[in-house]
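What follows is a short report on a single structure.
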Amino acid sequence: MTSQNIMSLEGVGMQFGPFHALSELSFEIKAGEVLGVAGPNGAGKSTLLNVCTGGLCPTSGKVLFDGREITGLPRHARCAQGIAMTFQIPTVISSLTVAENLLVGRSFGGSHQHDFDQIVEITGLGPVLDAEAGTVDLLARKTIMLGAALATGPRIVFMDEPLGGLNAEEIQDFVQIIDRARQAFGVTIVMVEHKIRALAEIADRILIINFGKFVCLDRPSVVLNDDHVVEIYLGKKHDA
Amino acid sequence: MKSKTHTDHSSPARITSRFTGDHYVRDSLAFLGSALAVLALGLLIGENYVFHILILICIWSAVIAGWDLLIGYAGVFNYAQLVFFAVGAYASAMLSVSAGLPAVATIPLAAVIGGIVGALIAIPTARLKGEYVALFTFAVHLALPAVLQQTRGLGTGGSTGVLGLPPISLFGQTFYAINKQAWFVMALIVAVLCIYLIYFVALRSRFGLALLAMRDAPAFSEALGVNGRRHQIFAFAISAAITGFAGAFYAHYTSVVTPRILGTEFFLMAMVMLAIGGMGRFPGALLGVVVVILGNEFLRSFDSYRLIVLGLIVILSVIALPEELGGFLKNRMRKRRA
Numbered sequence: 001m002t003s004q005n006i007m008s009l010e011g012v013g014m015q016f017g018p019f020h021a022l023s024e025l026s027f028e029i030k031a032g033e034v035l036g037v038a039g040p041n042g043a044g045k046s047t048l049l050n051v052c053t054g055g056l057c058p059t060s061g062k063v064l065f066d067g068r069e070i071t072g073l074p075r076h077a078r079c080a081q082g083i084a085m086t087f088q089i090p091t092v093i094s095s096l097t098v099a100e101n102l103l104v105g106r107s108f109g110g111s112h113q114h115d116f117d118q119i120v121e122i123t124g125l126g127p128v129l130d131a132e133a134g135t136v137d138l139l140a141r142k143t144i145m146l147g148a149a150l151a152t153g154p155r156i157v158f159m160d161e162p163l164g165g166l167n168a169e170e171i172q173d174f175v176q177i178i179d180r181a182r183q184a185f186g187v188t189i190v191m192v193e194h195k196i197r198a199l200a201e202i203a204d205r206i207l208i209i210n211f212g213k214f215v216c217l218d219r220p221s222v223v224l225n226d227d228h229v230v231e232i233y234l235g236k237k238h239d240a
Numbered sequence: 001m002k003s004k005t006h007t008d009h010s011s012p013a014r015i016t017s018r019f020t021g022d023h024y025v026r027d028s029l030a031f032l033g034s035a036l037a038v039l040a041l042g043l044l045i046g047e048n049y050v051f052h053i054l055i056l057i058c059i060w061s062a063v064i065a066g067w068d069l070l071i072g073y074a075g076v077f078n079y080a081q082l083v084f085f086a087v088g089a090y091a092s093a094m095l096s097v098s099a100g101l102p103a104v105a106t107i108p109l110a111a112v113i114g115g116i117v118g119a120l121i122a123i124p125t126a127r128l129k130g131e132y133v134a135l136f137t138f139a140v141h142l143a144l145p146a147v148l149q150q151t152r153g154l155g156t157g158g159s160t161g162v163l164g165l166p167p168i169s170l171f172g173q174t175f176y177a178i179n180k181q182a183w184f185v186m187a188l189i190v191a192v193l194c195i196y197l198i199y200f201v202a203l204r205s206r207f208g209l210a211l212l213a214m215r216d217a218p219a220f221s222e223a224l225g226v227n228g229r230r231h232q233i234f235a236f237a238i239s240a241a242i243t244g245f246a247g248a249f250y251a252h253y254t255s256v257v258t259p260r261i262l263g264t265e266f267f268l269m270a271m272v273m274l275a276i277g278g279m280g281r282f283p284g285a286l287l288g289v290v291v292v293i294l295g296n297e298f299l300r301s302f303d304s305y306r307l308i309v310l311g312l313i314v315i316l317s318v319i320a321l322p323e324e325l326g327g328f329l330k331n332r333m334r335k336r337r338a
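Keeping their order, the protein sequence lines are chains X and P. FYI, full-length UniProt numbering numbers position 3 of the first sequence as 3, with every residue one higher than the one before it. FYI, full-length UniProt numbering numbers position 292 of the second sequence as 292, with every residue one higher than the one before it.
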C-alpha cells in the first residue's frame, strides 16, 4: 500500500442495550483521501462517526489514530490530536460573531494551526466575519462549522451529512469549499452522506454499511455497481 | 495587545472581537468612570441612609455579577448562589468570632473557602444537564439551613446564628458599622473589584469565550476542543469565591450572620434582580440590582404588600421589556448608532 493509514478501526462494536448499532467493524482511513460513508437509514452511520470523533465510546474493539489508541478519549481531547467534525444539525455558537466562532476553534484546537486568513478565503466567510452567527443562512452555518473545524488545525475532518438541506447550487458551492480546504491543508475528509451521486463525485472511496455491519469499501464506480449494494438500496433485482 | 487577559494565541488581524481586546481600554475606562461617579454622588449627598442603600447596592452587585457569570454567561442554572453567600458569611464569622482572626484576614479566607465549596458543588453538577442542574443546586440551598442547625457544635450557632462579628480594621483604623461613609467606600471598592474581575477579566478572556461557546453549542464546542467540564467547574469556583467574598463583607457590616440569609425573601430578591436586569447582558443585571434595592426602599410603606408589588414589577417588566433592561439598553444604543 502506497498511502499511509491515518485512522483505523479494529473490530469496533457499539451496543445500546440489546441493540447492536455497530458490530465487528474493521477498516482503515487513508491519509489525504475523501472517504464517503453511506448506507440505508439506521445503518449506523452516525454512530460510526461518533465512535471516530469521541461522541461515543465503543463497547468493544479499538479506534487507532496515527497508530495510537484513542478509543476512550472524549471529543475535546481528540480535537487536540487533530480530529475535527461537523454536525448533521447545523450548529453554530449563535451569540458570537462568525469570526469569534472560528476563534473558538483556533484558541482551543490542536497545536498545529492552519493559516487563518486562508481559511477565511477558502470558506468565503470574509464578508460576514462580524455578523452574529445566529443570523446567517443554512449554507453559511454549515460553512462556519467547517471553518471553525478547520481553525482547530485538524488532520482529519468528519462530516455528518454536510449536504443535507442544501439545493443543487448550494451543494456545488459547498462541495467546492470542501475540496479547496482539502487541497490547501491536506486534510483527510470522511463524510456521511445520503446524496450518493454527490458523494460519488467527491469521494475517493465509499464505505457501505448496513445493520451496523461492513458491506464493502472501494472506489465509487465499483461500489455503485456492486450487486449487493444495489440490492440494499433498491431491493432484490428479480423480486416480484 | 492591550491587556494580558487575552487569548494565548496571537490573533490574526482579521478577527476583531471583545475576546481579543477590542474596546478593552475604552470599556474599562467607562466602567471605572461610572464607579467614580457613584463615589462622588454618594459623598456629595453624604447622608447615612443613602450610604446604607448604596452599600446594599454594592454588595448585591457583586453577588448578582457572580450569579450572572453562571446563569447568564455559562448558561448553568445554578440556584445555590446564596449558598456561596452564606458560606462566605459563616466562614468569616466563625473564623473571626471562634478563632479570633481579624476581619481583614477572614474576609479573603472566606472567599477561598467559598471558591472551594463552589468547586465541590460544581463537580457533581457538571455531570447533570438543564433542569437537573437547577433541581440539584436548589436542593443544596434548601439543605443548608438544616446542616447549619446540626453543626451548632462547630460554631454555626444554629438558628440564632453568629453574633458580634468584629468590624474591619485597616491601616490602624477601625471602621465600625456606624461609620457609613467608610463602609460605603469599602463596599464600592469590593463591588468594583468583583465586577471588574467577572465582566472584564474572566469574561473577556479565552475562558469567557469557552463559557459562551459551551452555553450556545455544547457538543460543537467540545468538538472544537473546549473542555466544557473543566471550564464549568472553574466558573463555579470563581463565582462562588466572589459571592463568598461579598457574603463575608456583608456579615461584618451587619455584625451578625443568621440562617435568614438563606430565606425566601433574599432568594426572591436576587431572582427578581436578574429577571428585571437580564442575564448575560452586562450591565443589565447590575441595573436590576439598583432597581430592586431602590424599589424595595420606596415600597417600604407598603409593608407586607411589598413583595406583591415587586412581583407585579417583574410581571410588567417581562411583558414590556421582554429582553430585560440589558437588552433594552443594547437595542437603544444600536438604534442611536444606526
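Note that CB positions come from ideal geometry on N, CA and C, so glycine has one too.
For P:Gly46, the CB contacts under 8 Å within the same chain, skipping 5 residues up- and downstream, are Gln181 in chain order.
Under the 8 Å criterion on CB atoms, X:Met85 is classed as interfacial with respect to chain P. In the DSSP secondary-structure assignment, P:Asn331 is not bridged to any residue.
The segment 260 to 271 of chain P and the segment 44 to 58 of chain P do not touch, with fewer than three beta-carbon pairs separated by less than 8 Å. Residues of the segment 121 to 147 of chain X with a C-beta atom less than 9 Å from some C-beta of chain P are Gly126, Leu129, Asp130, Ala133, Gly134, Met145, listed in chain order. P:Arg215 carries a helical assignment under DSSP once its states are collapsed to helix, strand and coil.
Within chain P, no C-beta atom comes less than 9 Å from the C-beta of X:Phe185; the nearest is roughly 16 Å away. Between the segment 178 to 198 of chain X and the segment 125 to 136 of chain X there are fewer than three C-beta pairs closer than 8 Å, too few to call the two in contact. For P:Asp216, the nearest CB of chain X lies under 8 Å from its own CB, placing it at the interface with that chain. By the criterion of at least three beta-carbon pairs nearer than 8 Å, the segment 138 to 146 of chain X is in contact with the segment 86 to 102 of chain X. Look at P:Ala177 here: in three-state DSSP terms it is coil, with no helix or strand label. With 16 or more other Cβ atoms from the protein chains shown falling within 10 Å of its own Cβ, X:Arg155 counts as buried. Residue P:Leu82 holds the alpha-carbon nearest to the alpha-carbon of P:Leu142 among P:Thr254, P:Leu82, P:His252.
Per the DSSP secondary-structure output, X:Asn5 pairs in a beta bridge with X:Lys30.
In the pairwise beta carbon analysis, the segment 238 to 253 of chain P is classified as touching the segment 65 to 80 of chain P: at least three pairs are separated by under 8 Å. Under the three-state reduction of DSSP output, X:Phe16 falls in the strand class. Looking at the DSSP output, X:Ile171 shares a beta bridge with no other residue.
In terms of beta-carbon proximity, X:Gly105 lines the interface with chain P, with at least one pair separated by less than 8 Å. Around the beta-carbon of P:Arg26, fewer than 16 other beta-carbon atoms lie within 10 Å, marking it exposed. Between the segment 70 to 88 of chain P and the segment 233 to 244 of chain P there are three or more inter-stretch CB-CB distances shorter than 8 Å, so the stretches are counted as touching. Using a Cβ distance threshold of 8 Å, X:Val223 and X:Ile206 count as a contacting pair. For X:Ser94, the neighbours in chain P by C-beta distance under 9 Å run, in chain order, Asp216, Ala217. Put simply, the CB of X:Phe108 is near chain P, with a gap under 8 Å to one of its CB atoms. Taking 8 Å as the cut-off, the beta carbon of X:Glu10 is found no closer than this to the beta carbon of X:Gly67. Within chain P, no C-beta atom comes nearer than 7 Å to that of X:Glu170; the closest sits roughly 21 Å away. Residue environment: P:Glu222 is assigned as buried (16 or more neighbouring CB atoms within 10 Å of its CB, all protein chains considered).
Between the segment 274 to 286 of chain P and the segment 144 to 163 of chain P, the count of C-beta pairs closer than 8 Å stays below three; the two stretches do not touch. Listed in chain order, the alpha helix (DSSP H) runs fully inside the segment 136 to 204 of chain X are 138 to 151, 168 to 185, 196 to 202, counting runs of at least 4 residues. Residue contact check for P:Ser61 against chain X: no CB pair falls below 8 Å. Spanning the alpha carbons of X:Arg75 and P:Leu211 requires a straight line of approximately 17 Å. In this structure, the straight-line span from the alpha carbon of X:Ala84 to that of X:Thr53 is close to 7 Å. Where P:Ser169 is concerned, the enclosing beta strand (DSSP E) starts and stops at 168 to 170. Residues of the same chain with a CB within less than 6 Å of the CB of X:Ala149, apart from the 5 flanking positions on each side, are Ala84, Thr86, Val157 in chain order.
If the five residues before and after P:Ser317 are omitted, its C-beta is found closer than 6 Å to the C-beta atoms of Ile276, all from its own chain and listed in chain order. Around X:Thr91, the beta-carbon contacts reaching into chain P at under 8 Å are Ala217, Ala219, Phe220. Collapsing the DSSP output to three states places X:Leu49 in a helix.
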